[in-house]
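The next block holds one structure in the form of structure tokens; read it before the comments.
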Amino acid sequence: MSAEGHVITLRLLKSFALSVDHKRVPLSSSAQRLLAFLALQDMPRTRTYVAGTLWPDVTTPRANANLRSSLWRATRTGHQVIDASTQELAISKHIGVDIHEAATRAHQLLDMSRSCDDILTAQTRAELSADLLPEWSENEWVLIEQEQYHELRLYALEAMTERLTAAGRHGEAVAAGLAAVRAEPLRESAHRVLVKAHLAAGNRGAALRQYEQCRRILLEELGLEPSQTLRILVPSLSSCLRKA
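When we follow the numbering used here, the leftmost residue of the sequence shown carries the number 1, and every step to the right adds one.
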């Protein structure tokens, strides 16, 4: 909630969107990059650092000029979205950023010392199923952030699958496991938690099909067989494979 009583949110998952009171606010591409960068930094950064990172291929005077222009364009929203001093810039503290909230829930799911019943929801699964600014991959600073969040969300989806399986919420567990597999088909640990979810639900056939899908992908893409850890999960799997 901003000082004026407006709800301002910034979406960086799936795509960029700045909204005020649930209405989308148009921004130039340069202002979008500046706001997204400051949101992902989540701390004040010097103007020199921001300019050098966002415009690394131009001269320092040109980068600084680009920064001033982008900052001016960001202020045209009519709302304070950036806290600016003569030396530093930061995203305004009152803006809700979806990736911050998603990352917080991801870390909670990975903390085995706490109960997460309150966040074992379809909304959490949806947030963890989305990548960070997937259409912005030409920016090097985005690539680093993308990779970090991608790994975090995969571990969190797997943890969510295991928590839901343990809670007997098998359909939701399978949905979370499928989201993990879709995000990274070559990730054996994602297939493993999904196989466990199928087995916990009593769906041995589904577990076998999932194993076979994993085995085929690993062989075709990497020339590898699934690990023993995965193979021993499914009862009578070895005999089934011999018959095939």
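Where a beta carbon is used, it is the ideal one built from N, C-alpha and C, also for glycine.
Residue i vs residue j beta-carbon contact at 8 angstroms
i, j, result
"A183", "S129", "yes"
"L194", "M160", "no"
"E158", "S189", "yes"
"L249", "A84", "Because the chain spans 1 through 244 in this model, residue 249 falls outside it and cannot be assessed."
"R68", "S28", "no"
"W141", "T53", "yes"
8 angstroms CB neighbourhood of residue i in its chain, flanking five on each side removed
i, result
"V58", "N66"
"L186", "I217, L218, E221 and L222"
"R215", "E225 and P226"
"L154", "A180, A183, E184, R187 and A190"
"D117", "A167"
"S30", "N66, S69, S70 and R73"
"A103", "Y149 and L152"
Contact belief for residue i with residue j at Cβ below 8 angstroms, rounded distance in angstroms
i, j, result
"V20", "H6", "5 angstroms"
"L71", "L38", "Between L38 and L71 the Cβ distance is about 10 angstroms, and since that is not below 8 angstroms, they are no contact."
"V97", "L18", "Incorrect: roughly 10 angstroms between the Cβ atoms, too far for contact."
"A197", "V181", "Actually they do not touch by this definition, with Cβ atoms about 11 angstroms apart."
"A176", "R125", "5 angstroms"
"L120", "R163", "6 angstroms"
Proximal residues to residue i (C-beta, below 7 angstroms), its chain only, five neighbours per side dropped
i, result
"Q32", "F16"
"I99", "L12, L13, L132 and Y149"
"T46", "Q87 and E88"
"A156", "A106, L109, L110 and L128"
"M112", "none"
"Q210", "H191, L194, V195 and H198"
"L178", "L194"
DSSP beta-bridge partners of residue i
i, result
"D83", "A90"
"R45", "L89"
"K23", "V20"
"L132", "L13"
"V97", "L10"
Residue i Cβ short of 7 angstroms to the ligand PLP heavy atom set
i, result
"G78", "What this structure holds is no ligand at all, so the ligand PLP is not there to describe."
Cβ shell of residue i (< 6 angstroms), same chain only, five flanking positions each side left out
i, result
"A244", "Per-residue confidence for A244 stands at a pLDDT of 46, beneath the threshold of 50, marking its modelled position as unreliable; the derived number appears in the next sentence. The answer is none, since no qualifying residue turns up."
"I95", "I8 and L10"
"C240", "Annotation note: pLDDT 48 at C240 (below 50); position unreliable, coordinate value reported separately. Nothing meets the Cβ criterion."
"S2", "Note that S2 scores a pLDDT of 48, beneath 50, so its modelled location is shaky and nothing firm can be said."
CB contact check: residue i to chain C, cutoff 8 angstroms
i, result
"L71", "As a matter of chain content, chain C is missing from the structure shown, which is built from one protein chain."
Checklist entry - Using 8 angstroms as the Cβ pair cut-off and three pairs as the minimum, do the region 34-52 and the region 81-95 touch? => result Enough Cβ pairs lie closer than 8 angstroms, so yes.
Checklist entry - Is there contact between the region 129-145 and the region 159-167, where contact requires at least three CB pairs shorter than 8 angstroms? => result No, the region 129-145 does not touch the region 159-167.
Checklist entry - Are the region 222-231 and the region 197-209 touching, with three or more C-beta to C-beta distances below 8 angstroms? => result Taking one beta carbon from each stretch, the region 222-231 and the region 197-209 have fewer than 3 pairs nearer than 8 angstroms; the two do not touch.
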